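For the protein sequence lines, the chains are B and P, in the order given.
Heads up: the first sequence begins at 1 in full-length UniProt numbering, then just goes up one per residue.
Heads up: the second sequence begins at 1 in full-length UniProt numbering, then just goes up one per residue.
In this text, a Cβ means the ideal position worked out from N, Cα and C, and glycines have one as well.
All of these numbers come straight from a predicted model, not from anything done at the bench.
For reference, the structure is listed below as structure tokens.
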Amino acid sequence: MLLAHGVGGRQDLPIPLAAALTGAVLALLLSFVALGLLWKEPRLGGVPETARTLPRRLGGLVSGPGWAWTWRITGLVMAAYFCVGLLFGPDDPANPTAGTFYVLFWVGLVPLSLLFGPVWRTLNPLRTVHLLGSRAFRRDEEKGLRPLPPWLGHWPAAVGLFGFVWLELVAPERATLPVIRTWLAVYCLAMLAGAVVFGSQWFDRGDAFEAYSGLIGRLSPVGLRRDGVLCWRNPLDGMAELRPAPGLTVLVVVLLGSTMYDSLSGSADWVVFVQESSWPAPVWGTIGLLTVIGLVLAAFTAATGLADTWGAVMKGSAVVEFAPAVVPIAAGYLIAHYFTLLLFEGQRTIVRLGDPLVTGTNPLGGTDRPLNGLGTTPASIAMLQVTVIVLGHVLGTVLAHDRALALFPRRGAVLGQTPLLGLMTAYTSAGLFLLFAA
Amino acid sequence: MVALRRWLGRILTLAALSAPVLAVLPAPPAAAHGQLALSAPAKGGTVKEPLEKVRLYFTEAPAPNAYFAVLTPGGVRVDQAWMPGESRRLDEPVREFNLVDGAWVPTVYDTGFGIDVPVGYWPEKGTYTVRYATVASDNDKVNGEVTFSYAGRTSGPPAGWQALRNEPDTILGAPFGPKAATGAAPSAATAAASSGDGSGSGWKIWILPAVLVLGTGAMIVLAARRPAPGGGGRPGGKRPGRSGDPRLRAAGRTGSKGASAGRRGHR
Numbered sequence: 001m002l003l004a005h006g007v008g009g010r011q012d013l014p015i016p017l018a019a020a021l022t023g024a025v026l027a028l029l030l031s032f033v034a035l036g037l038l039w040k041e042p043r044l045g046g047v048p049e050t051a052r053t054l055p056r057r058l059g060g061l062v063s064g065p066g067w068a069w070t071w072r073i074t075g076l077v078m079a080a081y082f083c084v085g086l087l088f089g090p091d092d093p094a095n096p097t098a099g100t101f102y103v104l105f106w107v108g109l110v111p112l113s114l115l116f117g118p119v120w121r122t123l124n125p126l127r128t129v130h131l132l133g134s135r136a137f138r139r140d141e142e143k144g145l146r147p148l149p150p151w152l153g154h155w156p157a158a159v160g161l162f163g164f165v166w167l168e169l170v171a172p173e174r175a176t177l178p179v180i181r182t183w184l185a186v187y188c189l190a191m192l193a194g195a196v197v198f199g200s201q202w203f204d205r206g207d208a209f210e211a212y213s214g215l216i217g218r219l220s221p222v223g224l225r226r227d228g229v230l231c232w233r234n235p236l237d238g239m240a241e242l243r244p245a246p247g248l249t250v251l252v253v254v255l256l257g258s259t260m261y262d263s264l265s266g267s268a269d270w271v272v273f274v275q276e277s278s279w280p281a282p283v284w285g286t287i288g289l290l291t292v293i294g295l296v297l298a299a300f301t302a303a304t305g306l307a308d309t310w311g312a313v314m315k316g317s318a319v320v321e322f323a324p325a326v327v328p329i330a331a332g333y334l335i336a337h338y339f340t341l342l343l344f345e346g347q348r349t350i351v352r353l354g355d356p357l358v359t360g361t362n363p364l365g366g367t368d369r370p371l372n373g374l375g376t377t378p379a380s381i382a383m384l385q386v387t388v389i390v391l392g393h394v395l396g397t398v399l400a401h402d403r404a405l406a407l408f409p410r411r412g413a414v415l416g417q418t419p420l421l422g423l424m425t426a427y428t429s430a431g432l433f434l435l436f437a438a
Numbered sequence: 001m002v003a004l005r006r007w008l009g010r011i012l013t014l015a016a017l018s019a020p021v022l023a024v025l026p027a028p029p030a031a032a033h034g035q036l037a038l039s040a041p042a043k044g045g046t047v048k049e050p051l052e053k054v055r056l057y058f059t060e061a062p063a064p065n066a067y068f069a070v071l072t073p074g075g076v077r078v079d080q081a082w083m084p085g086e087s088r089r090l091d092e093p094v095r096e097f098n099l100v101d102g103a104w105v106p107t108v109y110d111t112g113f114g115i116d117v118p119v120g121y122w123p124e125k126g127t128y129t130v131r132y133a134t135v136a137s138d139n140d141k142v143n144g145e146v147t148f149s150y151a152g153r154t155s156g157p158p159a160g161w162q163a164l165r166n167e168p169d170t171i172l173g174a175p176f177g178p179k180a181a182t183g184a185a186p187s188a189a190t191a192a193a194s195s196g197d198g199s200g201s202g203w204k205i206w207i208l209p210a211v212l213v214l215g216t217g218a219m220i221v222l223a224a225r226r227p228a229p230g231g232g233g234r235p236g237g238k239r240p241g242r243s244g245d246p247r248l249r250a251a252g253r254t255g256s257k258g259a260s261a262g263r264r265g266h267r
């Protein structure tokens, strides 16, 4: 018997969507009440002195000189191999370039960062190129022509991230080589120019992919203690350690809003609407992407502004302070949304990487060999999607709660948090709804 | 607390109100091997100009004996012989599961194989129907309809017009019998999928979610049970910055909690 099925659609939920939504809202309410009763002091931030260290041998390896260079060279080699298909391969669906870029790299960075922290910082081939260039010209790689102005904050990364999600979700013919080549050429030039002007610090603040991997990597269970020793840490500490800086809010909101737009743009209503319109699809795509990000940002600003007023903090300070709470939400949504893409298209891309020039001789075998489902079923995927979305929001609630305790005086702490609870509820409902009903 | 209760009440009411609204939304259709991936005009769309052709993209190239027809609201065929069109890479691969001998097998499609169905003329306004019937590589029958409305200029048939009268090959089955012609009959796949045949549900699907929930719960409980940093102070004791410049508080809890402020330094 053969029966077809979309992946993780609404019909695959083992429970009705209304039940999933109600459960999600109840989970948020319960965590909010439990936190209010049991968690009365701010506790998060940094790796405590009492944190368990990783085995000494592993810690020594990581802090040794060979470690960083091993991964830098790995990054360079991977980038060079990627360029074979990118520059010399045919513009053909069998070319692994699009799959490598959009699936293995962009989506794959999520689990890698969740497990190991900000991995792209070490792998980033552009950072290594800049480092090698600086060494060659006997310059200090950390010093550019001028210092990085502090007001710049995360803004360059936020702009870069928007540039990427626009490419990924809106750009016409975005899976073809000319489009990917053009985008990557502009990106590489911008990053290297920024690094020449501002030094290697530029990558920390200006590179969209380092920012992306860095944000999600704060949820990793390993981190550095203040003295540089590798420790097991509570991911909540890692996230709470993220300090406010200009542009942080927009950076995290772009990450969340873009995945929501991706769900929306796949809905039949949106497709029909765009095709009916006399305006070109990329124009509507851009408007849609900006609108969804704008709505997510407006909801966030309104809720934190209200929290500000009710919690009796000075206007505006809470907005950036609560931005880290959005990161686990975005991470949950990214996993829910792209998990099957990584699992299935990722498998096929890895096989295709055996033959980047599409010559027909692939040591890894043909591309039509069946994919391994790894025991997943439509229902299990749908269930996992609901779970990670809800857990992301619960973590967001915990982070917001801890921050509220640090920011607000006691009498304002509960009241000040209620708009944030409303915000989390709205984000959860919108997220689940877009994923399963739109 | 009164305010809190009021808010909780509002949120619960909202949740209760939204539930029935969500429950009646239609389920998205299921897809299969060689299914329709894209169409221009889109399903349910409105066309304001007389188009020369309707273009459909399938996840597999349609069989040579595939059948296509464009019908006016009155049921008159206005299409001419179809031809393969350009293929395009799908912007995002279509992922789907097929149940093969009781096991779910995932498949990813990333090429849209285009076909063009020329339209000779547009005799009236209203709902036009594009019908398609073909056979996928796995011998699964692929058939369905795309309807869209036409609101543009109308015209008579061009000189020498002869409407096609062919019917789907017998090998394609009789997809457009009296019942299917109403356009209301769901495809077999959709019907089976939504009838609760078990899309792979069972106790196993709860394992991974349970592990994740327990892990997250442990993470939160561990953080909640440890002493507050900079602590020693009884709960509700000296809290930093309860008075004074709130911006100072926001800036990293300086003052009596110097220890914790230090720990929160930039990485």
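Check: Would DSSP call B:G46 helix, strand or coil?; Outcome: coil
Check: Residues of the stretch 100 to 111 of chain P with a CB closer than 9 Å to any CB of chain B: list them in chain order, please.; Outcome: V100, D101, G102, A103, W104, V105, P106, T107, V108, D110, T111
Check: Going by DSSP in three states, B:A136 sits in which element: helix, strand or coil?; Outcome: helix
Check: B:T128 and B:L86 - do their beta-carbons sit closer together than 8 Å?; Outcome: no
Check: Is the separation between the beta-carbon of B:S258 and that of B:L169 shorter than 8 Å?; Outcome: yes
Check: With a threshold of 8 Å between beta carbons, is B:L2 in contact with chain P?; Outcome: With a pLDDT of 35 at B:L2, under the threshold of 50, the modelled position of this residue cannot be trusted; read the value that follows with caution. Closer than 8 Å to some Cβ of chain P, the Cβ of B:L2 qualifies, so yes.
Check: So with CB distances below 8 Å, who are the chain P contacts of B:G412?; Outcome: Chain P residues near B:G412: none, gap ~10 Å exceeds 8 Å.
Check: For P:R77, name the three-state secondary structure that DSSP assigns.; Outcome: strand
Check: Mapping the DSSP letters down to three states, classify P:T72 as helix, strand or coil.; Outcome: coil
Check: Which residues in chain B sit within 9 Å of P:M83, going by Cβ to Cβ distance?; Outcome: Ordered by position in chain B, no residue passes the 9 Å Cβ test against P:M83, which lies about 21 Å from the chain.
Check: Where in the stretch 368 to 426 of chain B do unbroken runs of the beta strand (DSSP E), each at least 3 residues long, occur, reported from the N-terminal end onward?; Outcome: none
Check: Using Cβ-Cβ distances below 8 Å, what residues of the stretch 205 to 219 of chain P are close to chain B?; Outcome: I205, W206, L208, P209, L212, V213, T216, M219
Check: Is there at least one Cβ from chain P nearer than 8 Å to B:Q201's Cβ?; Outcome: no
Check: Quick check: the Cα distance between P:T111 and B:E345, rounded to an integer number of angstroms?; Outcome: 13 Å
Check: Check whether the Cβ of P:G152 lies closer than 8 Å to any Cβ atom in chain B.; Outcome: no
Check: Residues of chain B with CB closer than 8 Å to the CB of P:L36, please, in chain order.; Outcome: Near P:L36 there are no residues of chain B at all, since even the closest Cβ is about 12 Å away, more than 8 Å.
Check: Give a yes or no on contact between the stretch 354 to 372 of chain B and the stretch 112 to 121 of chain P, applying the rule of three or more CB pairs nearer than 8 Å.; Outcome: no
Check: Consult DSSP for P:K204 and reduce its assignment to one of helix, strand or coil.; Outcome: helix
Check: Taking only the alpha-carbon atoms, compute the straight-line gap between B:W120 and B:L114 and give it to the nearest angstrom.; Outcome: 12 Å
Check: Considering only C-alpha positions, which residue in the set P:D116, P:E167, P:L99, P:V70 is nearest to P:P123?; Outcome: P:V70
Check: Would you mind reading off the limits of the beta strand (DSSP E) that contains P:L165?; Outcome: Leu is not the amino acid found at residue 165 of chain P; the sequence shown has Arg there. Here P:R165 belongs to no beta strand (DSSP E), and DSSP marks it neither H nor E.
Check: Answer with buried or exposed for B:G396, where buried requires no fewer than 16 other C-beta atoms within 10 angstroms of its C-beta.; Outcome: buried
Check: How would you label B:T50, buried or exposed, when you count the other beta carbons within 10 angstroms and need 16 or more for buried?; Outcome: exposed
Check: Look up P:G126 in the DSSP assignment and say whether it is helix, strand or coil.; Outcome: strand
Check: Check the Cβ-Cβ distances between B:F164 and every residue of chain P, and say whether any is below 8 Å.; Outcome: no
Check: Could you spell out the range, first to last residue, of the beta strand (DSSP E) harbouring P:G112?; Outcome: 103 to 118
Check: Let me confirm a value: B:P93 is counted as buried when at least 16 other C-beta atoms fall within 10 Å, else exposed. Which label applies?; Outcome: buried
Check: Within a Cβ cutoff of 8 Å, which residues of the same chain sit near B:S31, ignoring the five residues on either side of it in sequence?; Outcome: V394, T397, V398
Check: What first and last residue would you give for the alpha helix (DSSP H) that runs through B:S113?; Outcome: 109 to 116
Check: Name the two residues that bound the continuous beta strand (DSSP E) containing P:A40.; Outcome: 36 to 40
Check: Between which residues of its own chain and B:F209 is the CB-CB distance below 6 Å, once the five residues before and five after are set aside?; Outcome: W120
Check: In three-state terms, what does DSSP make of B:G431?; Outcome: helix
Check: Just checking my contact of B:P42 with B:D402 at CB under 8 Å: how many whole Å lie between their CB atoms?; Outcome: 5 Å
Check: Answer with yes or no whether the minimum CB distance from B:P324 to chain P is below 8 Å.; Outcome: no
Check: In chain B, which residues lie with their C-beta within 9 Å of the C-beta of P:R226?; Outcome: R43, P48, T50, N234
Check: Any beta carbon of chain P sitting closer than 8 Å to that of B:T176?; Outcome: yes
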